[in-house]
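Participant: Questions regarding the structure given below will be posed in turn.
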Amino acid sequence: MKRSIFAKLISPLALAAMLAACGSQPSGAKTVVQPTDDTPITHIANYDMFGETAASPDGLYEVCSIRLGSYNLLYVDAATRQETYLCATPNCTHDSESCSSYLPIEEGQYGYQLFFFNGYLYVVQHTPTENQGPYLMRMDPDGTNRKIILELKDGEDFGDMVFGYGDRLLWTMAKVDENGNSETYMEIFDLQTGEREYLFSLQLEQGGKESASLVGAAGTSLIFLDSDSTGRQYYKVDLAKENPSLEQGKNNPLGPKFDGTGLYCTVQGDYFCTYDIAAGRLSWENLVTGQKKEFPLPQLAEGETAYGLALLYGDQFALALDNAENDPVNLLLDPETGESTGVRYVYTREKGYTILADFGDELIYRVCIGEQPLKGQASHGLVGEVSYYNVYAMVSKEDFQRGIPGKEIAFPG
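So this is what it looks like as structure tokens:
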């Protein structure tokens, strides 16, 4: 499956979120001693996280709130460059469960999240109701043949990160027991048998000043960022070794310890990136192939501040910086020399320029956020409520590298 591995530069502080206190073993998950397993971990979602879009080999899916009380699945076809409701029924109004694009929302629920894996579209609902817990639903690429393949137990919820692991899923989960004790943990889910395998806890010592967060994966390893008063350090928990745990990872550091002022380090997709401010050097390492590249910091314009590398796709990087107006900018770099190409993409809420899918020679990216009146509001006595949606464009990689914008794709409305 082709996907974009674009990852915008994220502040290390934002990545180092505190985890909850230790709790009991989550129900519904089978605790085992994990034998060595050299199955590679694969990227199946943007930023390795559940999100509102999902890239397939042929197009891009989106979940969008268009009318009050429901959501709809939309699809951007890469071949036709058109966006439509995920529905093939002529003259369908897309407002009932007879429509393959329709996703109902019960009272108290909120939106859905997506990912695409091994030929199926998956929909995640986090909010439990009186009659149903959070669940994972699988459907065919056209939105039909829907089936809930996992419903969580009371107190459980899906975390925010998901990976492919052979034909299985590897993800974070959360559990709160009847006493209010909580735990975040890694779990493997077998899509064929429904078996859940508890791997290891992501908890640190309760009340401590140290925090750790899962930030990605490469090869057979999950990558964590550990932060304390002395600095930040990435480390790898290798699932190819027996009994993986955070403690195992502490003995397997990745890169140098850094402070985010004199030295920046980030993990993006399969790449470990560094920016040594004192030396004025940028570098990246592919953690799967071992390929490395280092080059000097390009010349900046007056008032610009650099923060490091931003992975766009393949081995194409940009320099992440703030311009003189403090707007975030991606300055495109030559992949061979690391020199500036002179092309700058300024991204704000109105101008996304966020690459969401890679189709070989072409990219789909978000241009901006559009809005229209929320359908169905009048029947509930509402006025002026707005539905927000993404506006996309497709562009060839050659044009993108030259700063030539793609043609916007009309939203179906």
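Plus 194 on top of the position in the sequence shown (first one is 1) and you've got this note's numbering.
Ideal Cβ positions, reconstructed from N, Cα and C, are used throughout, including at glycine.
What you are looking at is a predicted structure, and each value in this text was computed from that prediction instead of being measured.
Based on the DSSP secondary-structure assignment, which residues constitute the bridge partners of PRO567?
Facilitator: DSSP output for PRO567 lists VAL580 as bridge partner(s).
Participant: I'd like to confirm the pairing. Which residues does DSSP put opposite GLY358 in its beta bridges?
Facilitator: DSSP, once it has assigned bridges, lists THR236 and LEU363 as partnering GLY358.
Participant: Using the C-alpha atoms, what's the distance from ASN524 back to GLU565?
Facilitator: Approximately 26 Å between the Cα atoms of the pair.
Participant: Taking C-beta to C-beta, are CYS281 and GLY337 nearer than 8 Å?
Facilitator: Yes, the pair counts as a contact, with Cβ atoms nearer than the cut-off.
Participant: Can you name, in chain order, every residue of its own chain whose Cβ lies under 7 Å from the Cβ of PRO229, other than the five neighbours on each side?
Facilitator: Its pLDDT being 47, under 50, PRO229 is placed unreliably by the model, and the measurement read from it follows with that caveat. Same-chain partners within the cutoff: GLU436.
Participant: Could I get the ranges of all uninterrupted beta strand (DSSP E) runs contained in the segment 454-480, with 3 residues as the minimum, in chain order?
Facilitator: Listed in chain order, the complete beta strand (DSSP E) runs (minimum 3 residues) inside the segment 454-480 are 457-462, 465-470 and 475-480.
Participant: Would you mind sorting GLN485 into buried or exposed? The rule is 16 or more other CB atoms within 10 Å of its CB.
Facilitator: Per the 10 Å Cβ criterion, exposed.
Participant: Once DSSP output is grouped into helix, strand and coil, what is the label at SER294?
Facilitator: In this structure, SER294 counts as coil in the three-state DSSP scheme.
Participant: Please state the DSSP three-state secondary structure of PRO220.
Facilitator: At PRO220 the pLDDT is 33, less than 50, meaning the model places this residue with poor confidence; the figure from the coordinates comes in the next sentence. Reduced to three states, the DSSP call for PRO220 is coil.
Participant: Can you tell which of PHE309, CYS258 and TYR304 has the C-alpha that lies nearest to the C-alpha of ASP289?
Facilitator: The candidate whose alpha carbon is nearest that of ASP289 is CYS258.
Participant: Could you give the residue range of the alpha helix (DSSP H) that holds ASP420?
Facilitator: No alpha helix (DSSP H) holds ASP420; the beta strand (DSSP E) holding it covers 415-422.
Participant: Assuming the contact rule is C-beta atoms closer than 8 Å, LEU396 and LEU408 should be a hit. Round their C-beta distance to whole Å, please.
Facilitator: Yes, LEU396 and LEU408 are in contact; Cβ-Cβ is about 7 Å, under 8 Å.
Participant: Please determine, among VAL580, MET355, LEU491 and PRO298, the residue with the shortest C-alpha to C-alpha distance to SER534.
Facilitator: For SER534, the nearest C-alpha among the options comes from LEU491.
Participant: Residue range of the beta strand (DSSP E) that PHE310 falls in?
Facilitator: Here the beta strand (DSSP E) through PHE310 covers 306-311.
Participant: Should ASP242 and ALA434 be called a contact, given that it needs their Cβ atoms to be closer than 8 Å?
Facilitator: No, they are not a contact pair.
Participant: Using a Cβ-Cβ cut-off of 6 Å (strictly less than) and excluding sequence neighbours within five positions of GLY600, which residues of its own chain qualify?
Facilitator: Taken in chain order, the residues that qualify are ALA587, MET588 and VAL589.
Participant: For GLY327, which residues in the same chain have their Cβ closer than 8 Å to its Cβ, ignoring the five residues on either side in sequence?
Facilitator: Around GLY327: GLU345, LEU346, LYS347, ASP348 and GLU350.
Participant: Determine which residues share a DSSP beta bridge with ARG332 and list them.
Facilitator: Answer is TYR316 and LYS341, bridged to ARG332.
Participant: I'd like to know whether the C-beta of THR483 is nearer than 8 Å to at least one C-beta of chain B.
Facilitator: No chain B is present in this structure, which holds just one protein chain.
Participant: Between the segment 566-576 and the segment 267-278, do at least 3 Cβ pairs fall closer than 8 Å?
Facilitator: No: the two stretches stay apart, fewer than three of their Cβ pairs being nearer than 8 Å.
Participant: Of all the options PRO251, ALA411, MET367 and ASP371, which has the alpha carbon lying nearest to the alpha carbon of GLU391?
Facilitator: Nearest of PRO251, ALA411, MET367 and ASP371 to GLU391, Cα basis: MET367.
Participant: Using CA atoms only, rank isn't needed, just tell me which of LEU506, ASP354, ALA518 and SER439 is closest to THR548.
Facilitator: Closest option to THR548, Cα to Cα, is LEU506.
Participant: On a CA-only basis, which of TRP478, GLY536, GLY532 and ARG560 is nearest THR542? Give me that one, please.
Facilitator: Comparing Cα positions, the closest option is ARG560.
Participant: My assumption, with CB atoms under 8 Å, is that ILE603 sits in contact with GLU277. Please give the rounded CB distance.
Facilitator: With 8 Å as the limit, ILE603 and GLU277 qualify as a contact, their Cβ atoms being about 5 Å apart.
Participant: DSSP puts THR287 in a beta bridge; with which residues?
Facilitator: DSSP, once it has assigned bridges, lists no residue as partnering THR287.
Participant: In three-state DSSP terms, what is GLY443?
Facilitator: DSSP places GLY443 in helix when its eight states are reduced to three.
Participant: State yes or no: is the C-beta of GLY570 within less than 8 Å of the C-beta of ARG261?
Facilitator: For GLY570 and ARG261, yes; Cβs fall inside 8 Å.
Participant: Rounded C-beta distance between TYR469 and TYR501? I'm assuming under 8 Å.
Facilitator: The pair is a contact, with the Cβ atoms about 7 Å apart (cut-off 8 Å).
Participant: Quick one: grab the DSSP three-state call for GLN595.
Facilitator: Helix.
Participant: In this structure, what does DSSP give as the bridge partners for PHE605?
Facilitator: Note: PHE605 sits in no beta bridge, so no partner.
Participant: In the DSSP assignment, find the beta strand (DSSP E) that holds ASP528 and state where it starts and stops.
Facilitator: Element bounds for ASP528: n/a, residue is neither H nor E.
Participant: Looking at the unbroken beta strand (DSSP E) that takes in ASN520, where does it start and where does it end?
Facilitator: Looking at the DSSP string, ASN520 is not in any beta strand (DSSP E), and its letter there is neither H nor E.
Participant: Whole angstroms is fine: what's the gap from TYR306's alpha carbon to SER250's?
Facilitator: If you take the alpha carbons of TYR306 and SER250, they lie about 18 Å apart.
Participant: So, at 7 Å on beta carbons, what are the nonlocal neighbours of ASP521 in its own chain, with the 5 sequence-adjacent residues on each side left out?
Facilitator: Closer than 7 Å at Cβ, skipping near neighbours: VAL540 and THR542.
Participant: Considering only the alpha carbon of each residue, which of THR483, LEU568, PRO234 and GLY253 lies closest to PHE553?
Facilitator: When each option's Cα is compared against that of PHE553, the closest is GLY253.
Participant: Rounded to the nearest angstrom, what separates SER376 and THR233 at their Cα positions?
Facilitator: Approximately 29 Å between the Cα atoms of the pair.
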